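Residues 30 to 370 (the UniProt record's numbering) are what the sequence shown spells out, left to right.
Cβ coordinates follow ideal geometry from the N, Cα and C atoms, glycine included.
Computed from a predicted structure; not experimentally measured.
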Amino acid sequence: DAIQQEIEQYEVRTKDDLEQFRMRYISRKGVVTELFESLKQAPAEQRRTLGQALNGLKNAAQAKFDAFSETLDQQQATNTAPPFDLTLPTVPNLTGNQHPLNLVRQRIIQIFERIGFNVADGPEIETDWYNFGALNFPDNHPARDMQDTFFVSKGTAGEPGGDMLLRTHTSNVQIRLMEHTKPPIRSIMPGRVYRNETISARAHCMFHQVEGLYIDRNVGFKDLKDTLYHFVKEMFEPGTQIRFRPSYFPFTEPSAEIDISCQICGGKGCNICKHSGWVEIAGSGMVDPQVIANCGIDPEEYTGFAFGMGIERITQLKYVVNDLRLYTENDVRFLRQFAGQ
Ligand code: PHE
């Protein structure tokens, strides 16, 4: 009975405890074996009951042993799972961020939307008519040359529009808008354009433009100036200078290019502005009455202005990006610099 109590109260916490328990109650040299030995000396009439009691003891010891070793195995299994180390640094948060060209495009859209422009879109694969013809480019204009334009296919006889090409500017959307909308029209048209240029730090065969168009009664050059002054003031550093320079486009008359004081050197002279202190940011002008008429709008009643700028150029000036190729290489070291902008 004393041994039975011992077995019942025995507590096993470690593998060593379990081994001690086994030696004492189960092994051939243990107490239970000893008791079985002494059974031989017991009086014959008691052997049967004593034997039964001893068997009970033996089974109880074995059962307890099995139960203990199972719990120990389980404990070990959970202990070998990797422990939490609360001092380790967290997994870095790899949230993406906006591409710089997208940031600048959104900002341009925001500035113009606030003064009543909406956003329009058009096809990148275009007919000769929408990219050149309707915009007053003469048939022999050098921009049509294979050097500049990616032609996709030859025009089909009897079908309007002429050759298919990748648009070289977003001015095609200006024509499509005027064709389908009754003035007033006040839209900006961001999008991709393509020119057959060798890729370098300064040129790319694909880039982005935003074109603007405002057609209504009594729109004058003062409105063009006002609108672009406002844009420059919103987009660039305070104190940025702006100047209009006479220029030529087949689809505007008069035409002007817009320069701003160089954002990189503050107008003092650097490589970006070729030491002139000025950088060109946009082409613009009053839409040629012939172009308005080409789209089925009466140029006697309506006038308007248009402008077009390169998003890459604006981004270069705003964020000092000195190589156009960076925009399309997708190097995360470049892209991450624009997080939080
Ligand atoms: N389409 C011209 C270009 O790509 C820019 C422009 C747009 C000029 C609208 C005048 C008016 O260079």
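- DSSP links glutamate 240 through a beta bridge to Met218 and Gly337.
- DSSP places glutamate 286 in the uninterrupted beta strand (DSSP E) bounded by 281-290.
- Straight-line spacing of the CA atoms in threonine 197 and phenylalanine 260 works out to 24 Å.
- Set against 8 Å, the gap from the CB of serine 200 to the closest heavy atom of the ligand PHE is smaller.
- In the structure shown, valine 61 falls within a helical segment according to DSSP collapsed to helix, strand and coil.
- Annotation: the continuous alpha helix (DSSP H) that includes threonine 256 extends over 250-264.
- In this structure the region 308-319 does not touch the region 95-102; the number of beta carbon pairs closer than 8 Å is below three.
- Considering only Gln49, Glu66 and Glu35, the residue with the shortest C-alpha distance to alanine 89 is Glu35.
- Only buried fits methionine 207, as 16 or more other CB atoms lie within 10 angstroms of its CB.
- Residue environment for proline 118: exposed (fewer than 16 other C-beta atoms within 10 angstroms of its C-beta).
- The Cβ-Cβ distance between alanine 368 and threonine 124 falls below 9 Å.
- Spanning the alpha carbons of valine 361 and leucine 132 requires a straight line of approximately 16 Å.
- Counting the other CB atoms within 10 Å of its CB gives tyrosine 258 a total below 16, which places it among the exposed residues.
- Short of 7 Å from the beta carbon of alanine 71, and not among the five residues preceding or following it, lie these beta carbons of its own chain, in chain order: Leu79.
- With a cut-off of 8 Å, the C-beta of alanine 335 is classified as near the ligand PHE, since at least one heavy atom of the ligand falls inside that distance.
- Classified as buried, leucine 346 has 16 or more neighbouring CB atoms from the shown chains inside 10 Å of its CB.
- Ranked by how close their Cα comes to the Cα of isoleucine 321, the residues Ser67, His209 and Ala311 have His209 in first place.
- Proximity to glutamine 33 across Asn147, Ala82 and Phe65 peaks at Ala82, based on C-alpha coordinates.
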